[in-house]
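Beneath this line is the structure, given in structure tokens, with notes to follow.
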Amino acid sequence: MAWMCLCVLLRELWCIGNVLVSSNEQSMQPPRREQFLARIPVWCLAVVARVLTKLYGESWLATRPELVVAHNSFRRLVDGVHMRRNGFSPYEGDMLHCAPMLLDIIGPLVDQSNVVFAIFMVFDLIIAELLRKIASLYVENNERVEKSKVEQICSLVEKFYLFNPLVIATCAICSLSVVYNLLITVFLLSFVKGWLIGSAVLCGLLVELTLYPVVFIFALVVRFVTVKEKAIVCLLTLLSVGAFTLLDILCSHGVQYVTSTHLFFLNAADLTPNVGIFWYFFTEVFTHFRLFFLWVFQLNVFVYLFPLTFTLRKSPVLLLHQLLILISVFASYPTMADSALYLSLLPIFVSLHKYARWTLVIAVSWVTCVVLSPVMWQMWIVTGSGNANFYFAVTLCYSMAQIFLMTDLLYSHLREKAAEERGSIAYDDTSLFVFK
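Heads up: the sequence shown runs through residues -15 to -1, 1 to 421, numbered per mature numbering (1 follows the signal peptide of the UniProt record, and there is no 0).
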């Protein structure tokens, strides 16, 4: 039954393929062919980087809490498949926390690790090409950029994704984050293209898989203009969530999986260290305060939705970009792989770059966190020369870097709108906020 989900994804990819083919058929000029041929060495280099990383670093990377959490672990998925084959429920205990449909889709391939790795590399290449298409559509329609620079921006977006060390590491260990990122990217393309049905169905699928993309419905409401479209997209999203929930129930022969998936995200019962903010706090909080603070932490991701939606109601793509960052910061079990998509899409916001204030601080903080997190983990867990505060300090800095990026983009957007209102292109240090 879970192959129905795969059919929906294939249908969306078929539509995307038609878009890419039609755009190529419109103009088969030599420059277009040269651009395509120029990307082949990039793809080959990306594949080589992933193969080498898998050969020489998989065993170490597969244990990194920055990349692997309970719901994206391929090792847990394999164990769940073998439990099911032996007549046991994979959702008994605290081992498997991914949706049942993934067991049926990926399960037949788990014994062929090289095939799975090849598929994940293809997924990464597809994501890069889709991001390139998204960048092209957005820049051409929303940014005042010369046509000669559009290709440069698209190429930059593609390379940002393919050669992001975190993306390479995630692919090398066959993390399910690659699958989630593929679905989010297809959703992004549907969103930018204005495909109402595709956007709603994919949003419903993402909600069923990882829960937190429920916030995307705010971006969908902003994206579609008329009241009728807004009502239809909300209704279709709810129906899609219900349909995929029913599919998961059929795949797992019951509702037992809910405790290990949706409730697992909400209860934050697994306090294994990760790059989020939940684990450290809930290891310290008293038991009788736990429920209260659990509500506070979980509602935190929704607190910012209304002001963000109101402020960015005329910039739906930027709003969706902000929501991706918001999920990465406030989800109960985030990984550094969650940042891959929104970091890759930063070059498309060309008009905001000149207003950015904290570019250097954010970049340095990011690199510092990526480098220091294994060091602090080694000091805490392996050598015993540190404690949990060492590692949590890095994860807290990582969250702050994401928040700085989020606020800097929002500030740049407001400064741009203020400059347009005043008919000025100056970008001094004066703070301007425009809400009308």
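Where a beta carbon is used, it is the ideal one built from N, C-alpha and C, also for glycine.
Alpha-carbon spacing of residue i relative to residue j, whole angstroms
{"i": "H67", "j": "P93", "result": "11 Å"}
{"i": "Q241", "j": "E114", "result": "38 Å"}
{"i": "L290", "j": "I388", "result": "14 Å"}
{"i": "I112", "j": "R275", "result": "39 Å"}
{"i": "S7", "j": "A373", "result": "Because S7 sits at a pLDDT of 45, beneath the cut-off of 50, its placement in the model cannot be relied upon, and the following sentence gives the value as read from the coordinates. Their Cα atoms are separated by approximately 54 Å."}
{"i": "P332", "j": "W45", "result": "32 Å"}
{"i": "R298", "j": "A204", "result": "8 Å"}
{"i": "A228", "j": "I234", "result": "10 Å"}
{"i": "E125", "j": "T380", "result": "37 Å"}
{"i": "E136", "j": "S121", "result": "8 Å"}
{"i": "G179", "j": "T222", "result": "15 Å"}
{"i": "P359", "j": "Y318", "result": "18 Å"}
{"i": "A103", "j": "V142", "result": "23 Å"}
{"i": "Q307", "j": "L394", "result": "8 Å"}
{"i": "F267", "j": "G369", "result": "22 Å"}
{"i": "R18", "j": "R407", "result": "44 Å"}
{"i": "T272", "j": "L284", "result": "19 Å"}
{"i": "L40", "j": "S350", "result": "29 Å"}
{"i": "Q20", "j": "I153", "result": "24 Å"}
{"i": "F282", "j": "E43", "result": "33 Å"}
{"i": "N252", "j": "T230", "result": "19 Å"}
{"i": "Q11", "j": "W343", "result": "Model confidence at Q11 stands at a pLDDT of 42, short of 50, so the residue's coordinates are unreliable; what they give is reported in the following sentence. C-alpha separation (whole angstroms): 41 Å."}
{"i": "N149", "j": "A325", "result": "7 Å"}
{"i": "Y327", "j": "V286", "result": "17 Å"}
{"i": "K402", "j": "W280", "result": "36 Å"}
{"i": "S98", "j": "A254", "result": "30 Å"}
{"i": "L151", "j": "I202", "result": "28 Å"}
{"i": "F172", "j": "F145", "result": "19 Å"}
{"i": "V199", "j": "I25", "result": "36 Å"}
{"i": "G65", "j": "L232", "result": "18 Å"}
{"i": "L224", "j": "Y197", "result": "17 Å"}
{"i": "S140", "j": "F334", "result": "14 Å"}
{"i": "V419", "j": "S133", "result": "Residue placement at V419 is flagged as unreliable, the pLDDT there being 45, under the threshold of 50; a coordinate-derived value is accordingly withheld."}
{"i": "A23", "j": "T38", "result": "24 Å"}
{"i": "T392", "j": "L345", "result": "14 Å"}
{"i": "L181", "j": "G371", "result": "51 Å"}
Cβ-based neighbour list, residue i, same chain, cut-off 7 Å, excluding 5 preceding and 5 following
{"i": "L390", "result": "I310 and I347"}
{"i": "V32", "result": "M106"}
{"i": "V163", "result": "F105, F108, D109, T155 and C156"}
{"i": "L174", "result": "I1, L115, K118 and I119"}
{"i": "R69", "result": "P75 and L88"}
{"i": "S160", "result": "L52, V53, N57, F59 and A322"}
{"i": "V177", "result": "I119, L122, Y123 and V302"}
{"i": "A386", "result": "I347, S350, W351 and C354"}
{"i": "V226", "result": "G189, V192 and E193"}
{"i": "S384", "result": "I262 and V314"}
{"i": "T170", "result": "I112, L115, L116 and L326"}
Cβ shell of residue i (< 8 Å), same chain only, five flanking positions each side left out
{"i": "Y165", "result": "N57, L191, L194 and T195"}
{"i": "L168", "result": "L(-7), L187, L190, L191 and L194"}
{"i": "H338", "result": "S397"}
{"i": "F249", "result": "A55, H56, H82 and D255"}
Distance between beta carbons of residue j and residue i, contact taken as under 8 Å
{"i": "F375", "j": "M364", "result": "6 Å"}
{"i": "F27", "j": "L147", "result": "According to the sequence shown, residue 27 is Val rather than Phe. Their Cβ separation, rounded to whole angstroms, is 7 Å, which keeps V27 and L147 in contact under 8 Å."}
{"i": "T294", "j": "L304", "result": "6 Å"}
{"i": "L52", "j": "I138", "result": "About 28 Å separates the two Cβ atoms, so there is no contact after all."}
{"i": "S336", "j": "E128", "result": "6 Å"}
{"i": "V95", "j": "V63", "result": "5 Å"}
{"i": "V270", "j": "F278", "result": "6 Å"}
Neighbourhood of residue i by C-beta, 6 Å cutoff - its chain only, sequence neighbours within 5 removed
{"i": "residue 437", "result": "Examination of residue 437 is not possible in this model, given that the chain is present from -15 through 421 alone."}
{"i": "W362", "result": "Y376"}
{"i": "residue 423", "result": "In the structure as shown, the chain starts at -15 and stops at 421, and residue 423 therefore has no counterpart that could be examined."}
{"i": "P301", "result": "A204, V207 and R208"}
{"i": "I366", "result": "none"}
{"i": "P50", "result": "P258 and N259"}
{"i": "residue 438", "result": "One cannot answer for residue 438 here, as it falls past the ends of the chain, which runs -15 to 421."}
Below-8 Å beta-carbon distance, residue i vs any chain B residue
{"i": "L151", "result": "Going by chain labels, chain B is absent from the structure shown, which holds only one protein chain."}
The segment 309 to 323 / the segment 255 to 264 touching (three or more Cβ pairs under 8 Å): yes
Three CB pairs or more closer than 8 Å across the segment 217 to 233 and the segment 198 to 209: yes
Stretch-stretch touch, CB-based, cutoff 8 Å, three pairs: the segment 348 to 361 with the segment 171 to 185: no
The segment 238 to 254 in contact with the segment 66 to 82 per 3-pair CB rule at 8 Å: yes
Residue ranges of each alpha helix (DSSP H) within the segment 69 to 105, 4 or longer: 85 to 91
Those runs of the alpha helix (DSSP H) which lie wholly inside the segment 176 to 262 and span at least 4 residues: 181 to 195, 201 to 208, 212 to 237, 242 to 245 and 247 to 252
Sequence ranges, alpha helix (DSSP H) only - wholly within the segment 257 to 345, length at least 4: 263 to 269, 272 to 288, 290 to 296, 301 to 315 and 325 to 329
Every unbroken alpha helix (DSSP H) inside the segment 338 to 412 [4 residues or more]: 344 to 362 and 373 to 407
Length at least 4, wholly inside the segment 119 to 171: the alpha helix (DSSP H) runs in chain order: 132 to 147 and 150 to 157
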